[in-house]
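Numbering (the numbering used here), first residue to last: 35 to 149.
So this is what it looks like as structure tokens:
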């Protein structure tokens, strides 16, 4: 669920974060090079570098000069916690408000998604 209103580097960050959380890249795994990810996503390499820099600033990736960028140890759990906090603070409140507005309770919603 990528938010098209976000800047491109943030959408790329979401793509990478989702890949880490989905297990495509585990802690310690090498991430695609900037050029490789740029080609894969049809993005400017500088934009990909900016997305990667946000992970580096948060300590979620480590850089080995001349080798590449790697998912830091413990990054998956930290990323999951950060994304959970963001979801509960920014995404869930309007969803919960809309559910109340239209008379949809959590049990019904879960039943619909499990069917």
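Note that beta-carbon positions come from the ideal geometry of N, C-alpha and C, so glycine has one too.
Mind checking which residues open and close the alpha helix (DSSP H) that includes residue i?
i: residue 95; result: Element bounds for residue 95: not the alpha helix (DSSP H) but the beta strand (DSSP E), 95–98.
i: residue 52; result: 42–55
i: residue 70; result: 68–75
i: residue 92; result: Per DSSP, residue 92 belongs to no alpha helix (DSSP H) and is neither H nor E.
Can you find the residues in the same chain that come closer than 7 Å, C-beta to C-beta, to residue i, ignoring five residues on each side of it along the sequence?
i: residue 68; result: 79, 82, 83, 86
i: residue 97; result: 90, 103
Look at residue i and residue j and say whether their C-beta atoms are less than 8 Å apart.
i: residue 59; j: residue 101; result: no
i: residue 109; j: residue 61; result: yes
Within 10 angstroms of its Cβ, does residue i collect 16 or more other Cβ (buried), or is it exposed?
i: residue 140; result: exposed
i: residue 121; result: exposed
i: residue 47; result: buried
i: residue 72; result: buried
i: residue 77; result: buried
Cα-Cα, which of the options is closest to residue i?
i: residue 52; options: 103, 111, 91; result: 111
i: residue 55; options: 94, 90, 71; result: 94
i: residue 49; options: 147, 107, 62, 113; result: 113
Between which two residues does the beta strand (DSSP E) harbouring residue i extend?
i: residue 104; result: 102–105
For residue i, which residues of its own chain have a beta-carbon under 8 Å away from its beta-carbon, when the five flanking residues on both sides are left out?
i: residue 131; result: none
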